[in-house]
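Per our numbering, residue 123 is the first one in the sequence shown, and the count goes up by one each step. Presented below is the structure to which this report refers.
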Amino acid sequence: VALYSKKVPQSWLYSLTKTGKLLWRVPFAGRITSSPMATYNIVFVPLCKELIGIDYKTGLKIIKSKFSGNITGMVRKKYTLFIATANGMFYSYNVRKGEKNWEYSLNGNVKQCFFDKKAIYIVQSNGQVVKLTNNGRTIWKVRVAGLVTSKPVHDQKNIYVNSYKAIYVVDK
């Protein structure tokens, strides 16, 4: 459970049992900017321009990494977190090592990110759709007209992007 107080610029992360008993709580100075993510016994907490790793069992801070912009979203693929920031950067982050694998510069905010075995797909709110290799190299870029109005959906062959102008189908 993550909480933020407007009166006191502080956030709290709580770990509770199924019955609601408090196991631990961790205070943070500042705002949690996106949903925390638990993976491999670590809870990753995006705190503005920092990613804090909390030991799942003890509540101790064990990882601290800095980013160039406020973290706006994260998705996980095995031992990798893909992290988007408000300043248009996209990162691959190794959760075992607690360090960045690579970074990719975008020209807008990320609306949605998803992946398959061979590639990472990024749909930006400005209409740009990017396909990257797992190593962060560009495979292709395409732009749809208008701002993206909702989270895109996808299947095995296509990405469906809804913008102010139309609904677009982009081949993977």
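Yeah, the Cβ is synthetic: ideal placement off N, Cα and C, and Gly gets one too. This structure is a prediction, so every number in the text was calculated from the model and none was measured.
For residue i, which beta-bridge partners are listed by DSSP?
i       : result
Gly-230 : Looking at the DSSP assignment, Gly-230 forms no beta bridge with any residue, so it has no partner.
Ile-261 : Bridge partners of Ile-261: none, in fact.
Pro-149 : Trp-134
Tyr-162 : Bridge partners of Tyr-162: none, in fact.
Thr-271 : BP columns for Thr-271 are empty, so no partner.
Gln-246 : Val-232
Thr-255 : Ala-241
Asn-223 : For Asn-223, which the question treats as bridged, DSSP gives no partner whatsoever.
Tyr-215 : Leu-203 and Lys-222
Return the chain-ordered list of same chain residues with a C-beta closer than 7 Å to the C-beta of residue i, the five sequence neighbours on each side being excluded.
i       : result
Tyr-290 : Val-266 and Val-283
Cys-170 : Gly-152, Arg-153, Thr-155 and Asn-192
Contact defined as beta carbons within less than 8 Å: I believe residue i pairs with residue j. What is the distance between those atoms, to the nearest angstrom?
i       : j       : result
Gly-175 : Phe-166 : 6 Å
Asn-256 : Ile-244 : Incorrect: roughly 13 Å between the Cβ atoms, too far for contact.
In chain order, what residues of the same chain lie with their CB nearer than 6 Å to the CB of residue i, ignoring the 5 residues before and after it?
i       : result
Lys-287 : Ala-267 and Gly-268
Phe-150 : Ser-133 and Leu-169
Measuring CB to CB, does residue i end up less than 8 Å from residue j?
i       : j       : result
Asn-280 : Val-292 : yes
Thr-207 : Gly-191 : yes
Gly-258 : Ser-214 : yes
Tyr-183 : Val-148 : Tyr is not the amino acid found at residue 183; the sequence shown has Lys there. It is a contact, given that the beta carbons lie within the stated cut-off.
Tyr-226 : Phe-212 : yes
Lys-253 : Ile-261 : yes
Leu-228 : Val-217 : no
Ile-205 : Met-196 : yes
Report all residues from its chain with a CB closer than 8 Å to the CB of residue i; omit the five preceding and five following residues, and keep chain order.
i       : result
Asn-163 : Asp-177, Tyr-178 and Lys-179
Lys-263 : Gln-250, Val-251, Val-252 and Lys-253
Gly-210 : Gly-191, Ser-227, Leu-228, Asn-229, Gly-230 and Asn-231
His-276 : Phe-236, Tyr-243, Tyr-282 and Lys-294
May I have a chain-ordered list of the beta strand (DSSP E) segments no shorter than 3 residues that lie completely inside the stretch 164 to 212? The stretch 164 to 212 contains these whole beta strand (DSSP E) runs: 164 to 169, 172 to 177, 183 to 188, 193 to 199 and 202 to 207.
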